[in-house]
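Structure first, commentary second.
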Amino acid sequence: MPDDRVNSFMTGPDEQGRFGIFGGRFVSETLMPLILELERQYEIAKTDDTFWAEMDDLWTHYVGRPSPLYHASRLTEHLGGAKIYMKRDELNHTGAHKINNVLGQIILARRMGKTRIIAETGAGQHGVATATVCAKFGLKCIVYMGAHDVERQAPNVFRMRLLGAEVVPVTSGRGTLKDAMNDALRDWVTNVRDTFYCIGTVAGPHPYPAMVRDFQSIIGKEVRWQLAEQEGEGRLPDTVVAAIGGGSNAMGLFFPFLDDPSVKIIGVEAGGKGVDDRMEHCASLTGGRPGVLHGNRTYLLQDDDGQILEGFSISAGLDYPGIGPEHAWLHDTGRAEYVSITDAEALEAFQLSCALEGIIPALEPSHALAHVMKIAPTLPKEHIIVMNMCGRGDKDIFTVAKHLGFDMKI
Amino acid sequence: MTRIDQTFARLRAEGRKAFVSYIMAGDPDTATSLAVMKGLPGAGVDIIELGMPFTDPMADGPTIQLAGQRALDAGQTLEKTLAMAAEFRKGDDRTPLVMMGYYNPIYSRGVDRFLTDAKAAGIDGLIVVDLPPEEDDELCIPAQKAGLNFIRLATPTTDDARLPKVLQNTSGFVYYVSITGITGAAAPEAADVAPEVARIKAATDLPVIVGFGITTPEAAEAIAGIADGCVVGSAIVKDIGEGRPVAEVLARVAALAEGAHRG
Ligand SMILES: Cc1ncc(COP(=O)(O)O)c(C=O)c1O
Numbered sequence: 001m002p003d004d005r006v007n008s009f010m011t012g013p014d015e016q017g018r019f020g021i022f023g024g025r026f027v028s029e030t031l032m033p034l035i036l037e038l039e040r041q042y043e044i045a046k047t048d049d050t051f052w053a054e055m056d057d058l059w060t061h062y063v064g065r066p067s068p069l070y071h072a073s074r075l076t077e078h079l080g081g082a083k084i085y086m087k088r089d090e091l092n093h094t095g096a097h098k099i100n101n102v103l104g105q106i107i108l109a110r111r112m113g114k115t116r117i118i119a120e121t122g123a124g125q126h127g128v129a130t131a132t133v134c135a136k137f138g139l140k141c142i143v144y145m146g147a148h149d150v151e152r153q154a155p156n157v158f159r160m161r162l163l164g165a166e167v168v169p170v171t172s173g174r175g176t177l178k179d180a181m182n183d184a185l186r187d188w189v190t191n192v193r194d195t196f197y198c199i200g201t202v203a204g205p206h207p208y209p210a211m212v213r214d215f216q217s218i219i220g221k222e223v224r225w226q227l228a229e230q231e232g233e234g235r236l237p238d239t240v241v242a243a244i245g246g247g248s249n250a251m252g253l254f255f256p257f258l259d260d261p262s263v264k265i266i267g268v269e270a271g272g273k274g275v276d277d278r279m280e281h282c283a284s285l286t287g288g289r290p291g292v293l294h295g296n297r298t299y300l301l302q303d304d305d306g307q308i309l310e311g312f313s314i315s316a317g318l319d320y321p322g323i324g325p326e327h328a329w330l331h332d333t334g335r336a337e338y339v340s341i342t343d344a345e346a347l348e349a350f351q352l353s354c355a356l357e358g359i360i361p362a363l364e365p366s367h368a369l370a371h372v373m374k375i376a377p378t379l380p381k382e383h384i385i386v387m388n389m390c391g392r393g394d395k396d397i398f399t400v401a402k403h404l405g406f407d408m409k410i
Numbered sequence: 001m002t003r004i005d006q007t008f009a010r011l012r013a014e015g016r017k018a019f020v021s022y023i024m025a026g027d028p029d030t031a032t033s034l035a036v037m038k039g040l041p042g043a044g045v046d047i048i049e050l051g052m053p054f055t056d057p058m059a060d061g062p063t064i065q066l067a068g069q070r071a072l073d074a075g076q077t078l079e080k081t082l083a084m085a086a087e088f089r090k091g092d093d094r095t096p097l098v099m100m101g102y103y104n105p106i107y108s109r110g111v112d113r114f115l116t117d118a119k120a121a122g123i124d125g126l127i128v129v130d131l132p133p134e135e136d137d138e139l140c141i142p143a144q145k146a147g148l149n150f151i152r153l154a155t156p157t158t159d160d161a162r163l164p165k166v167l168q169n170t171s172g173f174v175y176y177v178s179i180t181g182i183t184g185a186a187a188p189e190a191a192d193v194a195p196e197v198a199r200i201k202a203a204t205d206l207p208v209i210v211g212f213g214i215t216t217p218e219a220a221e222a223i224a225g226i227a228d229g230c231v232v233g234s235a236i237v238k239d240i241g242e243g244r245p246v247a248e249v250l251a252r253v254a255a256l257a258e259g260a261h262r263g
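Top to bottom, those sequences are chains A and B. FYI, UniProt numbering numbers position 166 of the first sequence as 166, with every residue one higher than the one before it. FYI, UniProt numbering numbers position 56 of the second sequence as 56, with every residue one higher than the one before it.
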């Protein structure tokens, strides 16, 4: 790794919580002292060995880390080009990468003496992960979820309730993930003393984007040594690919490789029905422009008046009109490339993974896989692609069945 | 001196407290909200806060959220809100106008262009909820340079160590948010708020106006009594949301104003 700090992509954010012009702390005064205190406590925890020792212990024995790095040989053969590896974060406890971050935030919340945890959730994966860790530690848990998502992700709603969480269906605004985040922020403004807001992605005001990235970076760190183990000392991936909702699984995979110029980095946004002026997609970078929402400046889907638009995607976990500020910066600096994949392409990748690898993926990583399907055939066999299989598809089988015209009624 | 400074000088000379009222621009449509706005000074309002609708008002409760949605559904834009202010100014050159809302619509228009347009429309001050002192370079400093007051919120979580930072680039008045919570939440007790107001007044010469949760003339009187005035928003916006005629809305405002002026 270059020790030239000036040219490093790994030093952000700055003191203001900025990655270039992105990020920052755009919150009401009531919350400002809270996020400053959170930043202070995180800075202490970050350099405290006992904090990371507790994380490591739980990552190993509770989550099941390290997750395998798996050579998808039949998929590789089928596509006839680059060698494809899957980072199997779908095998984590609760079925996605979300728990990596939740553990970190909850351990921090406990250190801060907070007893009431709030979270927002879209697909329900972050909500389930938060409810799970709260159950483990005996903490009160309240999850805000858009009323529309409560309907389309019913199994996860029931899981959260089984785990003892209170699920609050959000009807404000249009009742989607961004509205759930608004209501979580409103809760936090109201319950400032005992409450910890556990954000599920690399968005929100500083220090959340950096903190969530740090917790998710375990993904990329593992890939580094796992690939070296399987392909030889010093062998780095040539391309890393991940799906992006807010961008946490992607940041987790990308971050440890930012200063390795030979590693090509590709983020895959949800293209919904296609990225055009009908705006039926969630591709903030390819179809949005910079703005300020939920405490940070980033690329947003918005109209000419600066009003935020609803995203559209088959995947509830990608259905967010923004993207983490660090991705906005990596996009503008050109360090990472961002592309989009449509619902139809993701569905095709979903089925291919089932058929060739016996892995039922979540719809989110199906987007990443769909892009791998596009590029792998154009690349030589020595080229190594690592894609983040960041969630399993159990939660999505109803949605997929509906799209494939399969009657699930028993 | 802006119209805001002049108004407080006049009120001080008269020994009266300020009554500040909030309405959402374009709620339920531009014409109706302009009619309400034009009637506010006659109903006893000293300073008008004109809400700029935004899709994601993270510091607002249901009443003001819904008002913003009604306005947006009826096609309100920042352009139309500025035009409303200009129209109001044609008939009233005295009442201060403060635009209140969130940063993104302003950022989207472009800060310089917005400030030029706001100044031209007769706007005197800005309250932008999601711009704390840490982000002063964005709008606060440019606004002051353009001759607009930038009014900051102080809250119960703003402790003594932080207070100077909050007051530093504030002008016009300080808006003390009397509760930790969103607009329209439960009313505070004047006795609980008084020490907080005293704490802020000890640190600044600016007038301190208290808002959030005030819905009755009695509460307006009590709160204005321990500060330099009070703000009422949700109680008025609720009447508008229920489709009450303009005259009825203004009668409510007049009763609240009388309460505040007794304080
Ligand atoms: C499996 C999975 N992947 C990805 C996401 C999107 O989030 P992020 O982009 O932060 O990884 C979600 C969100 O629910 C998810 O459940």
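Beta carbons are placed, not taken as given, at the ideal position from N, Cα and C, and that holds for glycine. Quick caveat, the model's predicted, so the values are computed rather than measured.
Backbone secondary structure at residue i - three-state DSSP
i        : result
A:Leu301 : coil
A:Glu120 : strand
A:Pro33  : helix
A:Pro66  : coil
A:His78  : helix
A:Thr342 : strand
A:Arg335 : coil
A:Val372 : helix
A:Thr399 : helix
A:Leu404 : coil
A:Tyr85  : strand
A:Val27  : coil
B:Pro245 : coil
A:Val386 : strand
A:Pro2   : Its pLDDT being 46, under 50, A:Pro2 is placed unreliably in this model, and the coordinates cannot settle the point.
B:Val237 : helix
A:His367 : helix
A:Ala129 : helix
Under 9 Å between C-beta atoms of residue i and residue j
i                      : j        : result
A:Thr286               : A:Val339 : yes
A:Gly146               : A:His294 : no
A:Ser284               : B:Met58  : no
B:Thr215               : B:Ala235 : yes
B:Asp228               : B:Phe8   : yes
A:Lys87                : A:Val400 : no
residue 288 of chain B : A:Val192 : As displayed, chain B neither begins before 1 nor continues past 263, which places residue 288 of chain B out of reach and without an answer.
B:Val237               : B:Gly39  : no
A:Gly20                : A:Asp332 : yes
B:Pro142               : B:Val111 : yes
A:Ala228               : A:Asn388 : no
A:Pro169               : A:Lys221 : no
Residue environment, residue i, which counts as buried when at least 16 other CB atoms sit within 10 Å
i        : result
A:Gln216 : buried
A:His126 : buried
A:Gly138 : exposed
B:Arg70  : buried
A:Pro2   : Annotation note: pLDDT 46 at A:Pro2 (below 50); position unreliable, coordinate value reported separately. Answer is exposed; the Cβ neighbour count stays below 16.
A:Asn182 : buried
B:Ala13  : exposed
A:Gly252 : buried
A:Trp225 : exposed
A:Gly47  : A small correction: the amino acid at residue 47 of chain A is Thr; Gly does not occupy that position in the sequence shown. Result: exposed.
A:Asn7   : exposed
A:Arg161 : exposed
B:Pro96  : buried
A:Gln16  : exposed
B:Gln168 : exposed
A:Phe158 : exposed
A:His61  : exposed
Residue i Cβ short of 8 Å to ligand 2 heavy atom set
i        : result
A:Ile359 : Annotation note on ligand 2: not contained in the displayed structure, which lists ligand 1 as its ligands.
**OP:** Could you pull out every unbroken alpha helix (DSSP H) segment of at least 4 residues lying fully inside the stretch 81 to 124 of chain B, listed in chain order?
**Re:** Qualifying alpha helix (DSSP H) stretches, in chain order: 103 to 109, 111 to 120.
**OP:** May I have a chain-ordered list of the beta strand (DSSP E) segments no shorter than 3 residues that lie completely inside the stretch 151 to 225 of chain B?
**Re:** 174 to 177, 208 to 211, all fully within the stretch 151 to 225 of chain B.
**OP:** At 4 residues or longer, and completely inside the stretch 242 to 313 of chain A: list those alpha helix (DSSP H) runs for me, N to C.
**Re:** Counting whole runs of 4 or more residues, the stretch 242 to 313 of chain A contains the alpha helix (DSSP H) stretches 248 to 254, 284 to 287.
**OP:** Jot down the residue ranges of each uninterrupted beta strand (DSSP E) in the stretch 12 to 83 of chain B, minimum 3 residues, whole runs only, in chain order.
**Re:** The beta strand (DSSP E) runs of length 3 or more contained entirely in the stretch 12 to 83 of chain B are, from start to end of the chain, 18 to 24, 47 to 51.
Original post:
Which runs of the alpha helix (DSSP H) fall wholly inside the stretch 142 to 214 of chain A and span at least 4 residues, in chain order?
Top reply: Runs found: 147 to 152, 154 to 162, 177 to 190.
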